[in-house]
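Working notes, structure below.
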Amino acid sequence: MHLRHCLLFLHQSGLDALEAQAKIVDTYGADAIFYDTCKSWMAKFKKGDFSLQVAPRFGRPVELDLELLQSTMGEDPYATIRELAAMLGHAQSTVKSGLEKNGTEILKSLVLAGVHSVCIVDSAFVDTPDLGQNFFLRKSDIGRPRADATIEYLKELNPSVIGHSLLLSPLDLSDEDLAVMLQFFVVVGTNLPEEVATKISSFLFAHGVPFISARAYGLLGYIRTYVQEHTIANDHEENALPDLRIDQPFPKLLKMAAETDLESMTKEELRHTPYIVLYLIALQRYREIMQQIPCVHVFNIFQEVGDESAFPDTYEKRKFYLEILWKMRGKSLEADNFNEARAAAARSLHKTVMPDHVMDILMDANCDDSSKCVQPFWLICMGLRRFVNKHGVLPLSGTLPDMASDTKRYTQIASIFREKAVSDAAEVFNYTQEVEKERGVANMISEDLCYRFCKNATRIRLQRGTEKDSPKAFQDLLNGIANSSEDGSGVPTAVWFLLLKAADKFHREKGRYPGTNGVPCTIDALDLKQRVVSIISASRVENPESIISQVPQNAIAEICRFGAGELHVVASLIGGITAQEVIKLATNQYVPLDNTFIFDGHTQRSMVFRM
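Just so we're aligned: the sequence shown equals residues -17 to -1, 1 to 594 in mature numbering (1 follows the signal peptide of the UniProt record, and there is no 0).
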C-alpha cells in the first residue's frame, strides 16, 4: 500500500493536509512525505479527483546517482542505510532558525561535513550591522533576504549541498509553520528567547523530531538538546574489549586449538602461533590442574577445584594462569606472541557478559511481544532478544585484534570468527523476519543491515530525553552550587547556567536583555540579582540563602556587561559543537550529549548535565 492510499483514507476521515501530515509523520518518522506533497494530494481529493495514479513527473525527482550507489555498496557491502546516506550525501536534512554568528557557524560546519540539505528560517533582510556579524554577507547584499544571501555563499563551500530558505520569523511561528519542520531530521534554533525555544521544542518533541537550542552569550556558550527517543546503532566506543569468547569457545575454534601441538613445533612455528590459540591451550591446562590438585593445596582464591568451566577472571587467578602460559614458551625466549599474550591478558581474559546498557534496551517495552513498534532499530532488537534468550550471549562480533602470527593461521582464525559471526547474524535475521510478520510489516530489514547491527551489538545505545527541564534536576544543580567551595579557579560553571536563566527571565519581563538599551550595568545588575533570587526561591530548595551567597556579584555584573552580545570566537566553538551533535542525531552514530552543555570562556571549562 502506498502512502497516497493513506492520504485518501485520512481525507475521507475529515482531516486536512496539516493534520494528515502530522499523522503520517507520527507513523513513518523520517520516511514520511513532505508537507507540500501531502498538500497537493489533499487538494486533488478535495476537487473530487480520487485517482491514485501518479501523474507524469509528479513528486520529487530522483536525485540519487544509482551507479555511484552501486559502486559504494560494492566497496562496503555491509554499510547501513544511514552510512550510505552519509557517503552519498543523501537523506540528511537540517533546518536552521536564525542567522547570527552562531547560526552561520553551525551551517558552515554542516555544509563542509556534507549534509544533504539545509533550510534556513529567517525573515530578516540584510542591513549594514549584519555585515559586521556575518562573514558570509557583502555590502551588495544589503536589502536582500538574509537567508537567501547566506545560503548562496554557503553553497560555495560545498556545491553538492541543497539549500532552501523560508522567510518566516523564528520568533513568531504558527502551528502550520512548525508542521513544515516535521520533514527534517533535526531542527536547530540559535539565540532564541527561552519562551520561543520552549514552544518549538514542545511541538517537535511531541512529534519525535530532535531540536537543539544553541546560544552564544558573551563569553558563555549553551547547548540544549530535546530528543524524545534517540537510538544509536554504534557508539564507536574507544578501546572496547575484544570479543574473543575465550571462556566460551565455539567448536571450530576448540578444534583448531586441540589440533595444535606446541611440543612438536619448531621455534619459528611456536613464535608465530596466534595468542588466541595459546590462550585456549593454557586454559585447558589451567582447568586440568584445577581438577587434579587436592583442595588443601589450592589457594583459597580459586574456589574452583572440580569446576570444568574454571576461568581466570580475577587478578590472582590470572597471575596463576599466566604462569602456565609462560611455561609453554619452552626454550623459545624471543617469542613476541607470548609477550603479546601476557600484555593483552587483562583485556582478553574476561567472561562473556552482556553490557548493562544493552540489557536495558532488550528489556525495553518496545522489545516486548505485545509491542507494535515497527522502527528498524527495535525490530532488530526484538530479534536480538530472542537470540539472547536462546543462547545467553550476544552474537559474535567477528572482529579480531592484530597479533603476531603467520598468514595461514591468522587467516584460519579470522575465517572461523567471521563464519561464526555470519551464522549468529543470520539467526538474528531469521528472528527479525518473524517479528516483522508478527507486527504486520515485511522486508524492512535487510540481511546486510542485520549483520552490521549484530557486529556492533555491544555498542547500541538508547537515549530518552525530556521535553522540559526537570525541577528535581534543577534543584540538584542548585544544591551543587551551594556545596561548591572557593578554590580560586573562577565562578562554578553551574552558576553561569543559573545566570542565563535569570537573563531570560529579565528578557521576558522587560522585553530586553540586561545591559542593553543604554541602561547602566549597575542598575540592571540589581534587577538581575532580584531575578536570580526569585528563580532560586521558586525552585523550593531547602536552603536558598546558601545558594544565593555562592553567586558572585561580579558574575552578575559580567552578564550585564555582555549585553547579550555574541563573540565570534565563542560562536565558532559552539557552532562546531552543535554541528557535531546534529550529525550524531542525523546518522545514529556516536553518543549525543545528554542533554545540556555549558561553556565558560573565562576559564575555558565546560560542563554537561541532564535537565
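For glycine and all other residues, C-beta sits at the position ideal for the given N, C-alpha and C. The structure displayed is predicted, hence computed values, not measured ones.
Assignment of beta strand (DSSP E) within the segment 180 to 210, counting only whole runs of 3 or more residues, yields 194 to 200, 203 to 209 in chain order. Closest in C-alpha terms to residue 170, from the list 241, 89, 545, comes 89. Just measuring C-alpha positions, the residue of 574, 32, 383, 592 sitting nearest residue 214 is 574. Inclusion of residue 207 and residue 579 in the CB contact set at 9 Å is warranted, their separation being smaller than that value.
The three-state secondary structure of residue 443, taken from DSSP, is coil. In the structure shown, residue 551 adopts helical secondary structure according to DSSP, grouped into three states. Under the three-state reduction of DSSP output, residue 259 falls in the helix class.
Between residue 428 and residue 441 a beta carbon distance of about 19 Å is seen, past the 8 Å cut, so the two are scored as non-contacting. By alpha-carbon distance to residue 360, the top candidate from 331, 335, 446, 565 is 446. Three or more Cβ pairs closer than 8 Å define a contact, and the segment 292 to 303 meets that threshold against the segment 261 to 273. Three or more Cβ pairs drawn from the segment 417 to 427 and the segment 350 to 358 lie within less than 8 Å of each other, which places the two stretches in contact. Secondary structure within the segment 107 to 142: the alpha helix (DSSP H) runs of 4 or more consecutive residues, fully enclosed, are 111 to 116, 129 to 140 (chain order). When secondary structure is reduced to three states using DSSP, residue 102 falls in the strand class.
The bridge partners DSSP lists for residue 579 are 207, 592.
Residue 172 places its beta carbon 9 Å or farther from that of residue 163.
Taking C-beta atoms under 8 Å as the contact rule, residue 156 and residue 183 qualify, at a distance of about 7 Å. Between residue 553 and residue 115, the gap from beta carbon to beta carbon reaches 9 Å or more. If you check the CB distance, residue 507 and residue 494 do not come in under 9 Å. Residue environment analysis places residue 451 among the exposed positions, since fewer than 16 neighbouring C-beta atoms fall within 10 angstroms of its C-beta. According to DSSP, residue pairing for residue 149 in a beta bridge involves 104. A distance of 9 Å or more separates the beta carbons of residue 263 and residue 253. For residue 215, the enclosing beta strand (DSSP E) starts and ends at 213 to 215. Distance from residue 389 to residue 255 at the Cβ level is roughly 4 Å; contact confirmed, criterion being Cβ atoms closer than 8 Å. By DSSP's assignment, residue 166 forms no beta bridge with any residue. In the assembly as shown, residue 555 is a buried residue. Its beta-carbon has 16 or more other beta-carbons within 10 Å. C-alpha of residue 550 to C-alpha of residue 174: approximately 13 Å in a straight line. By DSSP's assignment, residue 572 forms a beta bridge with 217. Within 10 angstroms of the beta-carbon of residue 528 lie fewer than 16 other beta-carbons, which makes it exposed. When secondary structure is reduced to three states using DSSP, residue 28 falls in the helix class.
Assigned with DSSP and collapsed to three states, residue 496 falls in coil, not helix or strand. Of the residues 210, 200, 198, 202, the one whose Cα lies closest to the Cα of residue 189 is 210.
Judged by beta-carbon spacing, residue 449 lies within the 9 Å limit of residue 593, meaning their Cβ atoms are closer than that value. By the C-beta density criterion, residue 509 is exposed, having fewer than 16 other C-beta atoms within 10 angstroms. Contact between residue 125 and residue 110 holds, since their C-beta atoms are separated by about 7 Å, short of 8 Å. Residue 526 carries a coil assignment under DSSP once its states are collapsed to helix, strand and coil. Scanning 128, -2, 237, 337 for the CA closest to the CA of residue 367 turns up 337.
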